[in-house]
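S.K.: Numbering (the numbering used here), first residue to last: 1 to 249.
Here a beta-carbon is modelled for each residue, glycine too, at the ideal position from N, C-alpha and C.
Structure below; questions to follow.
Here you go:
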C-alpha cells in the first residue's frame, strides 16, 4: 500500500485505488499525475507471488481501508469484484464506489471453455513481452507500452493464470445489489477487453448507477487520465454533502 496525502484535497473522500490484472498499482501513475494533488490517494498492491482468488484479495484489502476518514473505492478492470465484495459489507467510512472498465461476472462467458486450457498450460518462470494492443488500441504509445510491460514483470505468470481463472468464475451481482453508496461506472467507448454488456449487467443490478462514457480503450485511466481525473473529482465533490450511507457495524 502506498498513500499519497495532498494539501489540495480539501474535504474530498480519499480514493483507494484497486489495480488491474497485474496487481502492482504501477499503471495508476498517469491517473495520479492527472489528479494533480487534488485528492488523497492510496494505491493498493496485491501479493505478486500468491495464488489468491477474489475473496482472498478482499481479505488483503479490508485491513487497509480507513476507519477514521471517508473514502471511495476505485476499481480498475480485474479489481471490480474486489471493490464490490467490500462495498457489499457496507464499511462505515465508505462513501462511494467507482468502477472503471470492469464487471460483476465473467464478461466473456463464451470463452469459458478456455478455462481448462489456461489451467493446464505450462507457465514460464517470467512473463514474456505481452501484446499491448488489446489494452491500448489505437491510442498506443511507446511510454504506455513500456509502463504496461514494467507492471506485468512484477507478477508471476502462475498468479496471472490464477486471476484469469477467478474472472471466469466470479459473480458478485448479489453483493453489488447490497451496496448502499453511490456508484460511478466509467466505460471506455473502445474497450476491446471488457464488452459493453458488462455495463448492462451493472445497470440491471443497480439502475441508479451513474454511467460516464470516455473515448478510450480498456486502459482508460492511462490513455484518458485527464478526463478520468476530472470525472472522478466531480464525483468526489458530489459526495461531500451527501448523507452518510447505512453501514454494518
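(1) Who pairs with residue 84 in a beta bridge, going by DSSP?
(2) What does the alpha-carbon distance come out to for the pair residue 234 and residue 17?
(3) If you measure between the beta carbons of residue 43 and residue 73, is that distance less than 7 Å?
(4) Is it buried or exposed, residue 21, if we count other Cβ atoms within 10 angstroms and call 16 or more buried?
(5) Quick one: using the 10 Å Cβ neighbour count with 16 as the cut-off for buried, is residue 180 buried or exposed?
(6) Leaving aside the five residues before and after residue 132 along the sequence, list all residues of the same chain whose C-beta is less than 7 Å from its C-beta, in chain order.
(7) Quick check: what's the CA-CA separation for residue 200 versus residue 40?
(8) Does DSSP put residue 44 in a helix, a strand or coil?
(9) Quick test of your reading: residue 104 and residue 84, contact by CB under 8 Å. State the CB separation rounded to the nearest angstrom.
(10) Please classify residue 38 as buried or exposed, where buried requires at least 16 other C-beta atoms within 10 Å of its C-beta.
(11) Apply the 10 Å Cβ neighbour rule to residue 119 and answer buried if 16 or more other Cβ atoms are within range, or exposed otherwise.
(12) Let's see if you can read the secondary structure: which residues bound the beta strand (DSSP E) around residue 190?
(13) Helix, strand or coil for residue 38? Go by DSSP, reduced to three states.
(14) Identify, in the order they occur along the chain, each residue of the same chain with its Cβ nearer than 8 Å to the Cβ of residue 54, setting aside the five sequence neighbours on each side.
(15) Do residue 216 and residue 223 have their C-beta atoms within less than 7 Å of each other?
(16) If you count every other CB in all the chains shown that lies within 10 Å of the CB of residue 244, and 16 or more means buried, which is it?
(17) Can you round the beta-carbon distance between residue 218 and residue 188 to whole angstroms, since I take them to be within the 8 Å contact cut?
(18) Around the Cβ of residue 198, are there at least 16 other Cβ atoms within 10 angstroms (buried) or fewer (exposed)?
(19) On the three-state DSSP scale, how would you describe residue 21?
(20) Using 8 Å for Cβ pairs, my map puts residue 211 next to residue 185. What's the rounded Cβ distance?
(21) Residue 150 lies in the alpha helix (DSSP H); which residues open and close that run?
(22) Just the C-alpha distance for residue 174 and residue 101, rounded to the nearest angstrom, thanks.
M.R.: Taking the coordinates as given:
(1) For residue 84, which the question treats as bridged, DSSP gives no partner whatsoever.
(2) Answer to the nearest angstrom: the Cα atoms are 17 Å apart.
(3) No; because the gap between Cβ atoms is not below 7 Å, this pair is not in contact.
(4) Buried, since its Cβ has 16 or more Cβ neighbours within 10 Å.
(5) With a threshold of 16 other beta carbon atoms within 10 Å, residue 180 falls short and is exposed.
(6) Result list for residue 132: 140, 145 and 148, in chain order.
(7) Roughly 31 Å between the two C-alpha positions.
(8) In this structure, residue 44 counts as coil in the three-state DSSP scheme.
(9) Contact between residue 104 and residue 84 holds, with the beta-carbon distance rounding to 7 Å and staying under 8 Å.
(10) Residue 38 should be labelled buried.
(11) Unreliable positioning characterises residue 119 in this predicted model, as indicated by a pLDDT of 49, which lies under 50. The coordinate reading is nonetheless provided below. Around the Cβ of residue 119, a 10 Å sphere holds fewer than 16 other Cβ atoms; the residue is exposed.
(12) Going by DSSP, residue 190 is part of no beta strand (DSSP E) at all; its letter is neither H nor E.
(13) DSSP places residue 38 in the coil class of the three-state scheme, outside both helix and strand.
(14) Taken in chain order, the residues that qualify are 81, 82, 85, 166, 170 and 172.
(15) With contacts defined as CB atoms closer than 7 Å, residue 216 and residue 223 qualify as a contacting pair.
(16) In the assembly as shown, residue 244 is an exposed residue. Its beta-carbon has fewer than 16 other beta-carbons within 10 Å.
(17) 6 Å between Cβ atoms; contact.
(18) With 16 or more Cβ atoms within 10 Å of its Cβ, residue 198 is classed as buried.
(19) Coil.
(20) Between residue 185 and residue 211 the Cβ distance is about 5 Å, and since that is below 8 Å, they are a contact.
(21) Where residue 150 is concerned, the enclosing alpha helix (DSSP H) stretches over 142 to 152.
(22) C-alpha separation (whole angstroms): 19 Å.
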